[in-house]
Amino acid sequence: MKPKGSGHTQKLTETVEAVTTPKVETVPAQVKAPEYDVDAAMDVVFKPNPGPQTSFLSASEREVLYGGAAGGGKSYAMLADPLHGLNDPNFSGLLVRHTTEELRELIQKSQELYPRAVPGIKWSERKSQWISPRGGRLWMSYLDKDTDVTRYQGQAFNWIGFDELTQWTSPYAWGYMRSRLRSAHASELGLYMRATTNPGGAGHAWVKKMFIDPERAGKSFWATNIETSETITFPKGHSKEGEPLFKRRFIPASLFDNPYLSDSGDYEAMLLSLPEHQRKQLLEGNWDINEGAAFPEFDRKVHVVDSFEIPDSWAKFRACDYGYGSYTGVLWFAVAPDEQVIVYREMYVSKVTASDLAELILEVE
158 MKPKGSGHTQ
168 KLTETVEAVT
178 TPKVETVPAQ
188 VKAPEYDVDA
198 AMDVVFKPNP
208 GPQTSFLSAS
218 EREVLYGGAA
228 GGGKSYAMLA
238 DPLHGLNDPN
248 FSGLLVRHTT
258 EELRELIQKS
268 QELYPRAVPG
278 IKWSERKSQW
288 ISPRGGRLWM
298 SYLDKDTDVT
308 RYQGQAFNWI
318 GFDELTQWTS
328 PYAWGYMRSR
338 LRSAHASELG
348 LYMRATTNPG
358 GAGHAWVKKM
368 FIDPERAGKS
378 FWATNIETSE
388 TITFPKGHSK
398 EGEPLFKRRF
408 IPASLFDNPY
418 LSDSGDYEAM
428 LLSLPEHQRK
438 QLLEGNWDIN
448 EGAAFPEFDR
458 KVHVVDSFEI
468 PDSWAKFRAC
478 DYGYGSYTGV
488 LWFAVAPDEQ
498 VIVYREMYVS
508 KVTASDLAEL
518 ILEVE
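One rule links them: number in our numbering = place in the sequence shown (from 1) + 157.
What follows is the structure, given as structure tokens:
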């Protein structure tokens, strides 16, 4: 169960050592307590690996992406995360895969974990739903096409998970489901969206813009609009108008963070045998390697620097590659005294006229 308190800032702490189910709370004498084996509930059934997996399960940001390389324990981390709140009667969660075939595998893994983690939990095949003894619910479903999101119109969840996020070609499903993230009990249970993935796949570009580009891996940051790179803020008329809306974080993990796979060396050997671009994505978790990329030698560790205030004495200029049907790209540059050129701002928009683009540029400057 998620700790009670001030909303989503009170998730598991970094010292979490196991996902267990807490003891039964005292209930009024006239109310029959649900069947619940306390001794069984206190058995350790899942222990997160130290490092990234533990950080993921204790993350307090609204939206978190976990993964980056193959073998980092993504699926079990995703299944374990809703256990924070599943025994709360007000918990309502949704875990999705892209297709029904992929969903079946995730359901099978949940059937291995959940009955041991939450004694008395029931699986409904008809509803594709887990129901805990205290009434918490977790749906497991698929979102194959963008239109599939309409199945959830009018519904509300306090936890939503996307397994293998780069399988979605556009951010539409992610953005729509964010609108379903609401709860009258948010102050107790929090509001969370969680995702796992590897680099590559049809949605590589938009996922990279949303979670990878804004900040160094592991650091929390205010969520930005992936087209304008501007911070998402409370809208006009809101009591918090203009303030940042919520935070995101990317938590990288690799094969070497998962001793269950890395110790033998067999899986590493298999990844090492892949073509270079796949090896860099799946073994090294490199988001800057994409098949057909114009600059395959790009290395974030070499070519990206921490944010700093650019001196007024440095020369600055901007460049634009205009497109209407496709994306327009605008980059802002600063030239250091040693003649290194630094890109300090970028904008990508589509279906924007030249005059409207000029106004957007003036707004961010």
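Every residue gets a Cβ at the ideal spot worked out from N, C-alpha and C, and that includes glycine. All of these numbers come straight from a predicted model, not from anything done at the bench.
Per DSSP, residue i forms a beta bridge with which residues?
{"i": "Ile317", "result": "Leu251 and Met350"}
{"i": "Tyr223", "result": "Thr353 and Ile408"}
{"i": "Arg502", "result": "Trp489"}
{"i": "Trp379", "result": "Lys404"}
{"i": "Ala472", "result": "Val492"}
{"i": "Leu214", "result": "Bridge partners of Leu214: none, in fact."}
{"i": "Asp478", "result": "Gly486"}
{"i": "Thr510", "result": "For Thr510, which the question treats as bridged, DSSP gives no partner whatsoever."}
{"i": "Leu338", "result": "Phe314"}
{"i": "Thr390", "result": "Pro401"}
Check the C-beta distance from residue i over to residue j and give it rounded, since I have them as a contact under 8 Å.
{"i": "Arg126", "j": "Ala313", "result": "Because the chain here runs from 158 to 522, residue 126 falls outside it and cannot be looked at."}
{"i": "Ile288", "j": "Ile278", "result": "7 Å"}
{"i": "Leu240", "j": "Ala274", "result": "6 Å"}
{"i": "Thr323", "j": "Gly360", "result": "4 Å"}
{"i": "Phe248", "j": "Gly293", "result": "4 Å"}
{"i": "Arg291", "j": "Ile317", "result": "Rounded, the Cβ-Cβ distance is 20 Å, inconsistent with contact."}
Among the candidates the options, whose CA atom is the shortest distance from the CA of residue i?
{"i": "Ser411", "options": "His460, Ala352, Arg475 and Tyr223", "result": "Tyr223"}
{"i": "Ala343", "options": "Pro246, Gln268 and Phe391", "result": "Pro246"}
{"i": "Pro468", "options": "Ala493, Trp489, Tyr484 and Leu488", "result": "Ala493"}
{"i": "Glu516", "options": "Val498, Gln497, Val487 and Tyr501", "result": "Val487"}
{"i": "Glu321", "options": "Gly347, Asn355, Met297 and Arg337", "result": "Asn355"}
{"i": "Ala237", "options": "Glu282, Thr326, Glu220 and Pro272", "result": "Pro272"}
{"i": "Lys365", "options": "Asp445, Gly332 and Arg351", "result": "Asp445"}
{"i": "Ala352", "options": "Met367, Ser285 and Ser289", "result": "Met367"}
{"i": "Val462", "options": "Asp370, Ala472 and Asn382", "result": "Asp370"}
{"i": "Asp301", "options": "Glu282, Trp331 and Ser470", "result": "Trp331"}
{"i": "Pro409", "options": "Thr211, Met334 and Lys204", "result": "Thr211"}
{"i": "Val509", "options": "Glu522, Arg261, Gly311 and Tyr481", "result": "Tyr481"}
{"i": "Val521", "options": "Glu372, Thr385, Met235 and Trp280", "result": "Thr385"}
{"i": "Gly399", "options": "Asn206, Thr323, Thr390 and Pro239", "result": "Thr390"}
{"i": "Leu214", "options": "Ala234, Pro392 and Val459", "result": "Ala234"}
{"i": "Asp303", "options": "Ser327, Pro205 and Ser285", "result": "Ser327"}
{"i": "Glu282", "options": "Pro290, Gly293, Pro276 and Gln268", "result": "Gln268"}
{"i": "Cys477", "options": "Trp471, Lys458, Leu514 and Val459", "result": "Leu514"}
{"i": "Glu220", "options": "Met350, Glu387, Lys231 and Phe378", "result": "Met350"}
{"i": "Glu372", "options": "Gly347, Arg405, Pro401 and Thr323", "result": "Arg405"}
{"i": "Val202", "options": "Leu243, Leu270 and Ser249", "result": "Leu270"}
{"i": "Gly375", "options": "Gly311, Asn206, Phe407 and Glu262", "result": "Phe407"}
{"i": "Ser285", "options": "Ala341, Pro276, Thr257 and Asn443", "result": "Thr257"}
{"i": "Glu262", "options": "Ser232, Val500, Val498 and Pro276", "result": "Ser232"}
{"i": "Val459", "options": "Pro209, Ile499, Leu519 and Gly357", "result": "Ile499"}
{"i": "Asn315", "options": "Ala362, Thr307 and Leu243", "result": "Leu243"}
{"i": "Glu466", "options": "Ala491, Asn443 and Phe474", "result": "Ala491"}
{"i": "Trp325", "options": "Trp363, Pro205 and Tyr309", "result": "Trp363"}
{"i": "Ile518", "options": "Arg475, Tyr309 and Ser470", "result": "Arg475"}
{"i": "Asp495", "options": "Ala472, Val306 and Ser512", "result": "Ala472"}
{"i": "Leu348", "options": "Pro276, His395 and Phe403", "result": "Phe403"}
{"i": "Tyr333", "options": "Gly357, Arg308 and Glu345", "result": "Arg308"}
{"i": "Glu259", "options": "Gly208, Ala511 and Phe319", "result": "Phe319"}
Measure from the C-beta of residue i to each C-beta in chain D and report whether the shortest distance is under 7 Å.
{"i": "Lys397", "result": "In the displayed structure, chain D is absent; only one protein chain is listed."}
Runs of beta strand (DSSP E) lying entirely within the segment 263-328, each at least 3 residues, in chain order: 279-281, 286-288, 294-299 and 316-320
Segment contact, 8 Å Cβ cut-off, at least three pairs: the segment 248-265 with the segment 295-314: yes
At least three beta-carbon pairs within less than 8 Å, the segment 470-489 to the segment 500-511: yes
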